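If you read the sequence shown in our numbering, its first letter stands for residue 779, the second for the next number, and so on.
The beta-carbon is built from N, C-alpha and C at its ideal position, and this holds for glycine as well.
This structure is a prediction, so every number in the text was calculated from the model and none was measured.
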Amino acid sequence: MKFIADLHVHSYLSRATSKKSDLVNFHAWAQRKGISVVGTGDFTHPEWRSRLRDELVEAEPGLFQLRSEKDSMQVLVQAAVQGSVQDREKCLDRRPHLSLSLGRAAAYRRPVRFMLQTEISSIYKVGDKVRKVHNLVYMPDMESAELFSTRLGELGNVESDGRPILGLDSRDLLEIVLECSPEACLIPAHIWTPWFSVLGSKSGFDTIDECYRDLTKHVFALETGLSSDPAMNWRLSKLDRFTLVSNSDAHSPAKLGREANLFDCEFSYHDIMKAVRTRRGFLGTIEFFPEEGKYHADGHRKCGLRMMPKETLKRDGLCPVCGRKVTVGVLHRVEALADRKEGYVPPDGGGHFERLVGLDRIISQVRQRGPNTKGVLREYESLLESLGSELFILRQAELEDIARKSDSLLAEGVRRVREGLVRLEPGFDGQYGTIRLF
779 MKFIADLHVH SYLSRATSKK SDLVNFHAWA QRKGISVVGT GDFTHPEWRS RLRDELVEAE
839 PGLFQLRSEK DSMQVLVQAA VQGSVQDREK CLDRRPHLSL SLGRAAAYRR PVRFMLQTEI
899 SSIYKVGDKV RKVHNLVYMP DMESAELFST RLGELGNVES DGRPILGLDS RDLLEIVLEC
959 SPEACLIPAH IWTPWFSVLG SKSGFDTIDE CYRDLTKHVF ALETGLSSDP AMNWRLSKLD
1019 RFTLVSNSDA HSPAKLGREA NLFDCEFSYH DIMKAVRTRR GFLGTIEFFP EEGKYHADGH
1079 RKCGLRMMPK ETLKRDGLCP VCGRKVTVGV LHRVEALADR KEGYVPPDGG GHFERLVGLD
1139 RIISQVRQRG PNTKGVLREY ESLLESLGSE LFILRQAELE DIARKSDSLL AEGVRRVREG
1199 LVRLEPGFDG QYGTIRLF
């Protein structure tokens, strides 16, 4: 079974997240995007874990669906059998998030499942250097998630933030993960982000082995983050043994799917993780253009200065405006650690990946209106209703169909994204890059 999974999100209980980041809204946006499996985010937080227990029910081994969706779908099936359109409308009134799954577009009829996922921020010292590493943790069942959360609660505060900050060595965190369940998994998050990642320029290590030491063999995948893509990671031979995954790290439901993973495997926690571990059934990733990421280039945001690595080295890492150190970005860090030239491709091809731009942003540029204006949002919803999910439109819909439902200019915008014919100004020091289609 082929499907798309986005396995790194955050609830409203994490800092700097939308109040709409709840299960119902993630479900609705997963339908819009065409995503079948979504991380729950933040299961170590007691309030969120309570909501997970109340609002989710296991559908397949290790995967959960909305309890309300299951109940409502049973009502709809019964109503369909009885031919009661009125019952159907009443059900939709009670469960508006189901309207997309019952729409005309075939992609909307795919089920949406949740996988138990959280992110842990570890800040600790190794020798005389402070390390700041973010790790993703996945659990196969509620009982294991409860045990893991209890263990962490004994070591620090897991109640103040959905992404708890603990003084826990990443290696020791991994040990706890493995003790809670033999099927539990840890994946280092956005591994190149300067401030909080295993290989970041200001926070981490020079190799994965330095971080997880004797337990590195249990780390089988790495999350590339928005500011890098697989091609950049191929330049480091030491990363060859890891599967490269991508996720949105969504802080609001609308950001789902800006990066995601492609699978062809059975619908269960075990089979998804097996596919990632073995790369059999893992088809590749959907990516940002890495230049759009907030930390792709070097720079100093306060001074409005963006620099590429060669210029940074020429200036000894100092901002020519204020004289302070610039934030060294992902591209610079990759080049510093790489043992292969730019453009290297592994003998096996390295795996499939594709770069995309959100449909609302394509519409925005074509119509020369803001992405959140009524006209853009209206056209976005109309295209989804007539053609299918957003990722289907961006990746697979015939350009003639897009032109027929919209116009040739929008179809041309989608074509340019598919072929990488875009103009980019790299992001730096926490500021997103810009992309232009025309």
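By the CB criterion at 9 Å, residue 1161 and residue 1183 fall inside the cutoff. Nearest in C-alpha terms to residue 1076, of all of 1106, 1010 and 956, is 1106.
Residue 951 and residue 913 do touch by the CB rule: their CB atoms are close to 6 Å apart, below 8 Å. Every alpha helix (DSSP H) of 4 residues or more that sits fully in the segment 1065-1129 is shown, in chain order, as 1087-1092 and 1108-1115. In the DSSP assignment, residue 932 falls outside any beta strand (DSSP E) and carries neither an H nor an E. A distance below 9 Å separates the beta carbons of residue 1038 and residue 1169. Bounds of the alpha helix (DSSP H) holding residue 958 are 948-958. When rounded, the separation of the alpha-carbon atoms in residue 1121 and residue 1195 is 20 Å. In the structure shown, the three-state DSSP call for residue 1041 is strand. Considered as a whole, the segment 1165-1203 harbours 1168-1173, 1177-1183 and 1186-1196 as its complete alpha helix (DSSP H) runs of no fewer than 4 residues, in chain order.
If you ignore the 5 residues before and after residue 1144, its C-beta comes within less than 6 Å of the C-beta of 1187, 1188 and 1191, all in its own chain and listed in chain order. Secondary structure at residue 803: helix, using DSSP grouped into helix, strand and coil. Rounded to the nearest whole angstrom, the C-alpha separation of residue 1078 and residue 935 is 33 Å. A distance below 8 Å between beta-carbons, with the five flanking residues on each side excluded, links residue 794 to the following residues of its chain, in chain order: 1029. DSSP places residue 976 in the coil class of the three-state scheme, outside both helix and strand.
Residue nearest to residue 1051 within the set 817, 787, 801 and 806 is 817 (criterion: CA-CA distance). Per DSSP, residue 906 is not a residue of any alpha helix (DSSP H), being assigned neither H nor E. For residue 1212, the number of other beta carbons within 10 angstroms of its own is below 16, and it is reported as exposed. Taking 9 Å as the cut-off, the Cβ atoms of residue 1113 and residue 1205 do not count as close.
For residue 1015, the closest alpha carbon among the candidates 1124, 993, 1109 and 1043 is that of 1124.
If the five residues before and after residue 1117 are omitted, its C-beta is found closer than 7 Å to the C-beta atoms of 1014 and 1015, all from its own chain and listed in chain order. Contact annotation, residue 782 with residue 814: C-beta distance approximately 6 Å; criterion of less than 8 Å satisfied. With a contact defined as Cβ atoms closer than 8 Å, residue 804 and residue 896 miss out at about 15 Å.
If only complete runs of 3 or more residues are kept, the segment 796-844 shows the beta strand (DSSP E) at 815-817, 834-838 and 841-844, in order along the chain. Relative to the Cα of residue 1131, the nearest Cα in the group 903, 842, 1110 and 1008 belongs to 1008. In the DSSP assignment, residue 1053 falls within the alpha helix (DSSP H) that extends over 1047-1056. The alpha-carbon of residue 1000 is positioned some 14 Å away from that of residue 1060. One Cα belongs to residue 1164, the other to residue 1185, and the distance between them is close to 14 Å. In this structure, the beta-carbon distance from residue 1109 to residue 1005 falls below 9 Å.
Taking a cut-off of 8 Å on C-beta distances, the segment 900-916 touches the segment 975-985, as three or more cross pairs fall below it. Taking all protein chains in view, the Cβ of residue 1174 is surrounded by fewer than 16 other Cβ atoms within 10 Å, so the residue is classified as exposed. If you check the CB distance, residue 1073 and residue 1207 come in under 9 Å.
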